[in-house]
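When we follow our numbering, the leftmost residue of the sequence shown carries the number 1321, and every step to the right adds one. For each residue, glycine too, the CB sits at the ideal point set by N, CA and C.
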Amino acid sequence: MGTLGITASFFSHEVLAFVGASVETQTVLIVQVLGALYLGFAFLNWYTRGFVMGGIYNRPLGLGNTLHFAIVSVTLIKAALALGSITIWALTAAYVVFAIWFSLVLFRSPPSS
């Protein structure tokens, strides 16, 4: 998420050119805002990396990550089926793995030490 956030925030023109989108002021702004969102999520996840997660512990963080990865997974699956790009399929696979993983973390009790 951090890599995507930095890339989208600081290299938005290049990201849009890579995906073949038109480089207009509005699309550049949207990509930069999305980059800021990814960077915010990355910092939130990084700062809570040492805390217990699962069950009732850090539930808002787990729920936010689960919702993000699940919704983007569905969106990417639709896009991958329509476009058939290998890049989108690879990104989709990563998002599906994280959606499943965060769902497991969210709905199971944390391991006892």
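Can you give the Cα-Cα distance for residue i and residue j, rounded to whole angstroms?
i, j, result
"glutamate 1334", "threonine 1386", "29 Å"
"leucine 1349", "threonine 1327", "13 Å"
"glutamate 1344", "glycine 1325", "19 Å"
"proline 1430", "alanine 1337", "43 Å"
"serine 1393", "glycine 1322", "18 Å"
"phenylalanine 1389", "alanine 1419", "5 Å"
"alanine 1413", "serine 1432", "30 Å"
"leucine 1364", "serine 1405", "31 Å"
"glutamine 1352", "phenylalanine 1361", "14 Å"
Are residue i and residue j close, meaning C-beta to C-beta below 8 Å?
i, j, result
"alanine 1341", "threonine 1347", "yes"
"isoleucine 1312", "alanine 1400", "The first residue shown for the chain is 1321 and the last is 1433, placing residue 1312 beyond what the model contains."
So, is residue i buried or exposed, given that buried needs 16 or more other C-beta atoms within 10 angstroms?
i, result
"tyrosine 1358", "buried"
"leucine 1415", "This sequence places tyrosine at residue 1415; leucine is not what is there. When all chains shown are included, tyrosine 1415 counts as buried."
"alanine 1402", "exposed"
Evaluate contact between the stretch 1420-1433 and the stretch 1366-1385, counting only Cβ atoms and requiring at least three cross-stretch pairs below 8 Å. yes
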